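Undergrad: Residue numbers (our numbering), protein chains in the order written: chain A, 1 to 250; chain B, 1001 to 1336.
All C-beta atoms in this analysis are idealised placements derived from N, C-alpha and C, irrespective of residue type, glycine included.
Keep in mind the model is a prediction, meaning the values are calculated, not measured.
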């Protein structure tokens, strides 16, 4: 249900955006060089779809691994830093500060140090989505669920694992939204990394298409990125829903 | 009495307004006729646009009755798109951009060719790589920017040498020069009058020798930056296009004149604050050799055979679906 909604919502947005481009193209009488014609896009799509789809899957794989690393790190640090301690506040300040650095400035340094392989892309993807995730996890984990926690505290049965579980369960929809949202960030981070310096993935292909002033290729790339990301986000939301349902039934 | 004072005040005010109008720059013949146009460059302000800056700073455009807004270029800028969208009336575009645009129905014409020799060449270390003929590239690791002009040039060179892609190792080049410094790649694409100056300086500091591989020496001519406008503007306002071209080329001619070196460097320094004086001096010398290599060939001359070869290269490499007849879109440069 969630997956289905994600996909058709993406189609609506994509078609509206492309429709707007055509409106501008034909309204202003622009050539295919400025905005490609529907026929041009169709032809490019039929020629490049398979190659671009494989590029998007390559990028997506890196983004997913980067996101998983980020989620694990964010949970570890978020749980540790959830209390109003000096360390907790230090983590928050560090997260805000590091997030303020633009990735386009940091990425070349990473590529110089680690080369233009998968590791650099992975680190950049993780960096992009890690901090928003961390801030949300800290926010959720540092907010007590007073009604439920009170019972366990007064009965002396509260342990940190239980506290984390209660807070995660009560905020599952919030957590799912953040994780799904961070997928977009991980994907965007990986694409930026590829655009800047990598030798593979859809970001790299977009860069070549830009060199060739080929907007039709970029429109096709955006379609494949969008649809793949929508499916992935939909699956994450479904997973969140299933986990919550599973916990509730125990 | 009051009426007298009022009329005296009115007279004084009128005289003052009249004087201001007389003295203001807008009342000069040049400014009265000034027509506003925008000119989008291909790249950032540096020595590669010395003539454009010179024409602006030394009022060549104003002398032709034009007020020109020079807009800096960049990787995300496309002058031809801006011409169509009406955001610029003139621009600088590479030859492959022009030919691709023509093949997609863009209404663009070339009014001057700024570089007679393409600044895009390969830097290499002769101690590690000896190139007597194209066949010497076999088995070597060659730097290339995939999707960039250098890829088209390199593939043409390989084809000329009868080498297949698997006869060489193509190394994808980005902003990071480390592989070249580490000698992992000894054949690196550079812009002769910009990056090559920095890289050359570093190699000299390290006591290393270097040389340049110029594709023209092996019969491959791929045109670099040229000045473009729309055919619509050319047909509607030929006089504007003519005045712009004359002013611009006079600016380039003066900027490349060795007698004006100091003035050119000062003009560029106003815009390019990051480059040292010695760098700018070296860049100017190299730019001059690329823009005005032969005294008999005026600055801005359009090299029609080179354009045709550029089109053929793009056609051979299937970058355009069919020939565009680029020569029909090259406009004769006016006498300046």
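1. Would residue 1172 of chain B count as contacting chain A if we go by Cβ distances under 8 Å?
2. When the cut-off is 8 Å and only beta carbons count, does residue 31 of chain A lie next to chain B?
3. Could one say the Cβ of residue 1165 of chain B lies closer than 8 Å to chain A's Cβ atoms, at least one of them?
4. Would you please state the rounded distance, in angstroms, between the beta carbons of residue 1161 of chain B and residue 1142 of chain B? I believe it to be under 8 Å.
5. Among B/1094, B/1166, B/1043 and B/1121, whose alpha-carbon lies nearest the alpha-carbon of residue 1216 of chain B?
6. What residues are listed by DSSP as bridge partners for residue 1227 of chain B?
7. Is there a C-beta anywhere in chain B that falls below 8 Å from the one on residue 67 of chain A?
8. Say whether chain A places a C-beta atom closer than 8 Å to the C-beta of residue 1091 of chain B.
9. Please check if any C-beta of chain A sits within less than 8 Å of the C-beta of residue 1175 of chain B.
10. Using a cut-off of 7 Å between C-beta atoms, extract the partners of residue 211 of chain A located in chain B.
11. In chain order, what are the residue ranges of uninterrupted alpha helix (DSSP H) at least 4 long that sit wholly in the region 51-107 of chain A?
12. Quick one: what's got a C-beta closer than 8 Å to residue 62 of chain A's C-beta in the same chain, skipping five residues either side?
13. Could you check whether the Cβ of residue 102 of chain A sits closer than 8 Å to any Cβ belonging to chain B?
14. Would a C-beta distance cut-off of 8 Å place residue 1095 of chain B and residue 1079 of chain B closer than the cut-off?
15. For residue 1300 of chain B, write down the residues that DSSP places opposite it in a beta bridge.
16. Measuring CA to CA, which of A/236, A/205, A/111 and A/8 is closest to residue 174 of chain A?
17. Counting along the chain, where does the alpha helix (DSSP H) carrying residue 1079 of chain B start and finish?
18. Counting pairs of beta carbons, one from the region 1067-1079 of chain B and one from the region 1178-1194 of chain B, are three or more of them closer than 8 Å?
19. Determine the chain B residues that contact residue 199 of chain A at a beta-carbon separation under 7 Å, and present them in chain order.
20. Would residue 77 of chain A and residue 2 of chain A be called neighbours here (beta carbons separated by less than 8 Å)?
21. For chain B, is any of its Cβ atoms less than 8 Å away from the one on residue 121 of chain A?
22. Compute the beta-carbon to beta-carbon distance between residue 1213 of chain B and residue 1124 of chain B, rounded to the nearest angstrom, for a pair I have assumed lies under 8 Å.
23. Okay, do the region 1225-1236 of chain B and the region 1099-1108 of chain B touch, 3+ Cβ pairs below 8 Å being the bar?
24. Within 8 Å (strictly less), CB to CB, does residue 1078 of chain B reach chain A?
25. Looking at residue 7 of chain A and residue 231 of chain A, is the spacing between their C-beta atoms short of 8 Å?
26. Give the secondary structure of residue 1041 of chain B by DSSP, where H, G and I count as helix, E and B as strand, and everything else as coil.
27. Going straight from the alpha carbon of residue 1088 of chain B to that of residue 1268 of chain B, what length do you get?
28. According to DSSP, simplified to helix, strand and coil, what is residue 1104 of chain B?
29. Alpha carbon to alpha carbon, what distance is there between residue 1154 of chain B and residue 1351 of chain B?
30. Using three-state DSSP, classify residue 1222 of chain B as helix, strand or coil.
31. Taking residue 1405 of chain B as the reference, which of B/1050, B/1156, B/1044 and B/1086 has the closest Cα?
32. Tell me, which residues are paired with residue 1070 of chain B by DSSP?
33. Within 10 angstroms of the Cβ of residue 50 of chain A, are there 16 or more other Cβ atoms? Answer buried if so, exposed if not.
34. By Cβ distance, which residues of its chain are closer than 7 Å to residue 55 of chain A, with the 5 residues on each side in sequence left out?
35. How long is the line joining the alpha carbons of residue 1222 of chain B and residue 225 of chain A, rounded to whole angstroms?
36. In terms of alpha-carbon separation, which member of B/1044, B/1052, B/1112 and B/1309 lies closest to residue 1219 of chain B?
TA: Straight from the coordinates:
1. yes
2. yes
3. no
4. That pair is no contact at about 11 Å.
5. B/1121
6. B/1092 and B/1112
7. no
8. no
9. yes
10. 1147 and 1148
11. 86-100
12. 118, 121, 122, 125, 190 and 201
13. no
14. no
15. B/1113
16. A/236
17. 1079-1085
18. no
19. 1172
20. no
21. no
22. 6 Å
23. yes
24. yes
25. yes
26. coil
27. 22 Å
28. coil
29. There is no way to answer for residue 1351 of chain B, as the model of chain B reaches only from 1001 to 1336.
30. coil
31. Nothing about residue 1405 of chain B can be read from this structure; chain B reaches only from 1001 to 1336.
32. B/1039
33. exposed
34. 201, 202 and 205
35. 35 Å
36. B/1309
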